[in-house]
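Using our numbering, the letters of the sequence shown map in sequence onto residues 162 to 677. Even for Gly, the Cβ is constructed at its ideal location relative to N, Cα and C. Only one structure is covered here, and it is reproduced in the block below.
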Amino acid sequence: MQDVKKSYDDVPYMSKVYKESLPENSYLAGLLYGLKMPEIGSARVLELACSMGGNIIPFALNHKNAKVVGVDISSIHIQKAKNLANELNIANIEFYEKNILDIDKSFGEFDYIIAHGVYSWVSYDIKDKILQIFDECLAPNGVAYLSYNTYPGWKGKEILRDIMLYRMEDKEQNNPDLKLELGFDTLAFLKNNSVPGIAKTAIDEYYDDLKLRSKSYILHEYFEETNRPNYFYEVVNSAKKHNLEFLSEANFKNSIFPPITDELKKALNSECNGDRVRFEQFIDFIIDRTFRRSLFVKHEFSKKIDTNFNIKFKDLDSLFVSGNFKYDADKGLYINLKSGAFMPKNMFELFEELSAIYPSNLNVAEFMKEYRKTHSDDDVSNFYLNLAYLIISKELAFSFEKVTFDKSIKEKPKLNTIFLKLLDFTKTNGHTTGFFNKFYDNIEINKDVDYDFLPLFDGKKDENDLVNELIKLENSGKFKFVLEGSVVNSKKMVNLMAKRYTKEKIDTLFNIGILE
């Protein structure tokens, strides 16, 4: 375990929010399967291997009455997590430098436990310990989230890992940059020179995607001493030994609407005879799955699981939903402006109202109170069914609390205080913590520009002022605009690019709810 500690101290992993791992998502999964999970607002939450807190800090900010705890073996990670929590004035979160092997039931009981990005990268005894912690520290009606690499998909990726590790066998092991250089050099050589076969097929399939990945991701996935994927059924069987049962995938859309044809689904149902684990394992074989995010509950609690998905309307009424839509006159349908997907018919009232207040949300119960006044009972039932589908398929964002933003952009835009503090912290700490909003979206920024530009959104400058400030930054050499691979030197073009960038940045910040 000390080798793991040193690895993550030497090359910190980007710490960011994973929306599907958080309690809100697990709570909704429970509703879909007929289970009543602990209330989100006062939940007790534990994250194992929490890194620098980038995943659970956003949750703690959203729910001031929740109790949130993060543990990690890396002293550097924990210190940065504590520093960030202090910087953001979060009083309901605690971080501990702690070995997972030292945690037992005396550590406390939690409603939601998260273990993201750890299970596949530790030894067998620690894998077992994680499941033991789920058993001993999870509340009777709680839910645990576990992510892990899976076979059969990782069989191909292991070939790339084996090749890169072999290239480094007699080289300096403490040089991360050398690992990347020689690893990719070897893969590129084999990609161009290997005869057709399993190795070349794997390299051809994964090489281009791997080139786009971050340094920390590649080093921890492909160069760690330990990376032990599992078949899904193996993880479930291990969980059963610790009084745990599979609830669903955190991406429950794939569990409820498996990515296969109806004909194939019928054949699998016949083969599996109601065995959900067996059914899911066959799906993994079919789609060559490489990664899972699975939810587990206590065995006794699992007896209440209802796989008929008879979600109650009153459960949906408690949710707040948001989204941005536009009517496509040619298709006669509304389109989700974020996903590009076309929406079901006969929901135009919701789409129009949500778009008018975006990025704010609205309460389902309040909306339905008005909807019922002008629609039949059948219309109401069909509306709820479509609403459930849109939430399950992530076409509607959901929350358990009202979130309100201005309906239009202010003349002098101002960055919200949390994001401004996060921007300053991340700049100082080497961009190791991700950016987020109240909806747990990961926010990408242009590091070359935005660290200096975004703090200028102080509520004192209008759009023209911000354009001029951006031009000053460009003239000072802080960054250069680039078009078609060439630096823009024309003063006229710099001005045009500055106007475009500023306009797009203001619109983006407004749409993701980062402006006050």
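Could you check which residue in the options has the C-alpha nearest to that of residue i?
i	options	result
residue 187	305, 618, 470	305
residue 280	269, 309, 271	309
residue 630	599, 663, 600, 643	663
residue 123	667, 218, 293	Residue coverage of the chain in this structure runs from 162 to 677, which leaves residue 123 outside it and unanswerable.
residue 590	218, 206, 228, 242	242
residue 553	412, 278, 302	412
residue 638	644, 503, 655, 299	655
residue 175	364, 526, 213, 181	213
residue 377	555, 594, 421	594
residue 500	557, 324, 255, 659	557
residue 518	535, 486, 526, 492	486
residue 447	314, 460, 247	314
residue 527	515, 451, 568	515
residue 219	194, 523, 252	252
residue 679	560, 651, 653, 665	Here the chain comprises residues numbered 162 to 677, so residue 679 is not present and cannot be evaluated.
residue 459	670, 319, 472, 298	298
residue 369	345, 625, 653	345
residue 362	321, 326, 374	321
Check residue i in the structure and name its three-state DSSP category.
i	result
residue 162	Confidence at residue 162 is low in this model, with a pLDDT of 49, below 50, so the placement of that residue should be treated as unreliable; the coordinate-derived value is given next. The answer is coil: DSSP assigns residue 162 none of H, G, I, E or B.
residue 423	helix
residue 406	strand
residue 273	strand
residue 190	helix
residue 249	coil
residue 642	coil
residue 344	helix
residue 593	coil
residue 386	coil
residue 257	strand
residue 647	strand
residue 380	helix
residue 523	strand
residue 391	strand
residue 399	helix
residue 604	strand
residue 365	helix
residue 676	strand
residue 416	helix
residue 611	helix
residue 232	strand
residue 176	strand
residue 623	coil
residue 470	coil
Here's the rule: buried if 16 or more other CB atoms are within 10 angstroms of the residue's CB, otherwise exposed. What is residue i?
i	result
residue 390	buried
residue 574	buried
residue 196	buried
residue 272	buried
residue 409	buried
residue 530	exposed
residue 661	exposed
residue 475	exposed
residue 657	exposed
residue 599	buried
residue 635	buried
residue 359	exposed
residue 333	exposed
residue 221	buried
residue 354	exposed
residue 430	exposed
residue 223	buried
residue 571	exposed
residue 182	buried
residue 184	buried
residue 644	exposed
I'd like to know whether the C-beta of residue i is nearer than 8 angstroms to at least one C-beta of chain D.
i	result
residue 204	Of the protein chains in this structure there is only one, and it is not chain D.
**OP:** List in chain order: all unbroken alpha helix (DSSP H) runs of 4+ residues lying wholly within the stretch 472-519.
**Re:** If we require 4 residues or more, the alpha helix (DSSP H) runs fully inside the stretch 472-519 come out as 474-478, 509-518.
Original post:
How about the stretch 340-347 and the stretch 229-237: do they share at least three Cβ pairs that are nearer than 8 angstroms?
Top reply: no
Original post:
Does the stretch 260-274 come close enough to the stretch 423-442 to have 3 or more Cβ pairs within less than 8 angstroms?
Top reply: no
Original post:
Going along the chain, which unbroken runs of the alpha helix (DSSP H) with 4 or more residues stay wholly within the stretch 291-342?
Top reply: 314-328
Original post:
Quick check: the stretch 572-591 against the stretch 608-621, are there 3 or more CB pairs under 8 angstroms?
Top reply: yes
**OP:** Evaluate the contact criterion for the stretch 384-404 versus the stretch 451-461: three or more CB pairs, one atom per stretch, below 8 angstroms.
**Re:** yes
Original post:
Which runs of the beta strand (DSSP E), 3 residues or longer, sit entirely within the stretch 539-583?
Top reply: 558-560
**OP:** Say whether the stretch 344-363 touches the stretch 239-259, bearing in mind that this needs 3 or more beta-carbon pairs closer than 8 angstroms, one atom from each stretch.
**Re:** no
Subject >> Runs of beta strand (DSSP E) lying entirely within the stretch 430-466, each at least 3 residues, in chain order >> reply: As far as the stretch 430-466 is concerned, its whole beta strand (DSSP E) runs of at least 3 residues are 452-459.
**OP:** Mind the definition here: the stretch 473-489 touches the stretch 555-564 only if three or more C-beta pairs lie below 8 angstroms; say whether that holds.
**Re:** yes
**OP:** Report yes or no: do three or more beta-carbon pairs, one from the stretch 199-208 and one from the stretch 293-302, lie closer than 8 angstroms?
**Re:** As far as the Cβ criterion goes, the stretch 199-208 touches the stretch 293-302, which means the pair count is three or higher.
Original post:
Between the stretch 529-542 and the stretch 457-467, do three or more beta carbon pairs fall short of 8 angstroms?
Top reply: Taking one beta carbon from each stretch, the stretch 529-542 and the stretch 457-467 have fewer than 3 pairs nearer than 8 angstroms; the two do not touch.
**OP:** Go through the stretch 191-230 residue by residue and report every complete run of the beta strand (DSSP E) that reaches 3 residues or more, in order.
**Re:** 205-209
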